[in-house]
Structures are given as structure tokens and as C-alpha cells.
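Novice:
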């Protein structure tokens with residue numbers, strides 16, 4: 013399929029959805045985006061705390077007596093906290109997105125129903141029973157599929173790759189960043 017045609021179809025789809033969005037739906041979608049960003053950042057930064065913990069525990073010269081217990085415990089808490097908060101952000105993202113998605117689907121269904129009811133009787137007589145309902149359901153499923161993949165897969169993956177690249181560039185040798193980019 014032609015990429016420009018695909019982009020045009022996506023643009024038209026978003027233009028059809030945009031007037032249906034109220035402030036509550038926009039706020040929920042933005043909050044879900046923030047949860048995606050927070051979850052991605054935490055899941056990408058958690059392994060850094062684990063690396064520091066392993067480096068601290070495997071150091072040949074142990075830290076001072078007070079820091080001997082505190083540093084590993086703090087690093088372990090940071091790692092576990094990052095992993096836990098990342099999962100919480102993922103669950104919250106699904107909750108926020110689910111509510112907004114249901115409201116948008118309901119509004120789109122009403123809009124289409126109003127449009128279909130305004131069509132002439134001849135249109136309805138020429139259709140098989142349930143064809144209009146099936147078309148509506150197919151459209152809503154396509155909308156859900158695109159929104160979920162954009163928010164849960166593509167955006168999340170891109171953010172994690174970006175954050176991991178930054179961490180690799182700062183913590184490790186730039187050669188590792190080249191290897192990571194090649195992979």
C-alpha cells in the first residue's frame with residue numbers, strides 16, 4: 013500500500029475522531045501518554061540501578077562501614093522501586109486509556125447511528141440485515157487497533173530506545189551505543 017495513502021487515511025481518521033473528544037477524554041489520553049513516558053523511563057533506568065548495585069557489591073575495596081549496608085540497600089530499593097513503578101504506570105495507562113477509548117467509541121457510535129438514521133429508506137432496503145452494524149463494528153475495531161498500537165507499542169518502544177540510548181551514551185563507551193544502534 014502507498015505510504016502517502018496510508019498517512020492520508022490516518023489523518024482523515026484522526027480528523028473524524030478529534031471533534032468527538034471532550035476535555036475529559038483529552039485529559040485521560042494525555043495522562044495515559046504521561047504514564048507511557050514514565051513507565052518507559054523507569055523500565056529503561058531500572059537496570060542502571062542494578063548495574064550500580066552489582067558494581068558496589070563486587071568492588072574490591074568495600075565502602076565505609078556506614079555505607080557498606082546503606083548503599084546496596086538503597087540501590088536495591090531504587091531498582092525494585094523502578095520496576096514496580098513501571099508496572100504501576102503500565103496498569104494506570106491501560107485504565108486511563110480504556111476509559112477514554114470507551115467514551116470515544118460511544119460518541120462515534122452515536123454519530124454514525126444518527127447519520128445512518130438520516131439516510132433515505134432506499135439505502136436501508138438495499139443492505140443486508142446487519143451490514144451497517146457490521147461496518148460500524150469494523151470501523152471501531154480498526155480505530156481501537158490503531159490507537160492501542162500507537163500508544164502501547166510504537167510510542168512506548170520508541171521512548172524506551174531513546175532513553176536506553178541516552179543511558180548507554182552517558183554510562184558506557186560510545187562504541188556500545190553504535191552496537192546498540194546497529195542492533
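Numbering (this note's numbering), first residue to last: 13 to 195.
By construction, the Cβ of each residue, glycine as well, lies at the ideal position given by its N, Cα and C atoms.
Does residue 185 come out as helix, strand or coil in the three-state DSSP assignment?
Specialist: Three-state DSSP puts residue 185 in coil, outside helix and strand.
Novice: If you follow the alpha helix (DSSP H) that residue 66 is part of, which residue opens it and which one closes it?
Specialist: 35-69
Novice: I need the straight-line Cα distance from residue 184 to residue 191, nearest angstrom please.
Specialist: Their backbone Cα atoms lie some 11 Å apart in a straight line.
Novice: Taking the C-alpha atoms as reference points, what is the distance between residue 105 and residue 181?
Specialist: Their Cα atoms are separated by approximately 29 Å.
Novice: Who are the Cβ neighbours of residue 56 in its own chain at under 7 Å, not counting the five residues just before and after it?
Specialist: Around residue 56: 172, 175, 176 and 179.
Novice: With three or more beta-carbon pairs closer than 8 Å as the criterion, would you say the stretch 81-96 touches the stretch 61-72?
Specialist: Counting C-beta pairs closer than 8 Å gives three or more between the stretch 81-96 and the stretch 61-72, which meets the contact rule.
Novice: Using a Cβ distance threshold of 8 Å, determine whether the stretch 121-133 contacts the stretch 153-164, with at least three qualifying pairs required.
Specialist: no
Novice: What does a CB cutoff of less than 6 Å around residue 78 pick up in its chain, not counting 5 residues either side in sequence?
Specialist: Its pLDDT being 48, under 50, residue 78 is placed unreliably in this model, and the value from its coordinates should be taken loosely. Excluding residues within five positions, none has a Cβ falling inside 6 Å.
Novice: Buried or exposed, going by whether 16 or more other CB atoms sit within 10 Å of the CB of residue 159?
Specialist: buried
Novice: Note down the Cα distance separating residue 42 from residue 146, rounded to an integer number of angstroms.
Specialist: 31 Å
Novice: Pick out whichever of 17, 28, 20 and 54 has its Cα sitting closest to the Cα of residue 169.
Specialist: 54
Novice: Determine the contact status of residue 111 and residue 39, defining contact as a CB-CB distance below 8 Å.
Specialist: no
Novice: Helix, strand or coil, according to DSSP, for residue 141 in the structure here?
Specialist: coil
Novice: Roughly how many angstroms separate the alpha carbons of residue 155 and residue 117, rounded to a whole number?
Specialist: 9 Å
Novice: Measure the C-alpha to C-alpha separation of residue 187 and residue 195 and round it to an integer number of angstroms.
Specialist: 13 Å
Novice: So is residue 113 buried or exposed if we call it buried at 16+ other beta carbons inside 10 Å?
Specialist: buried
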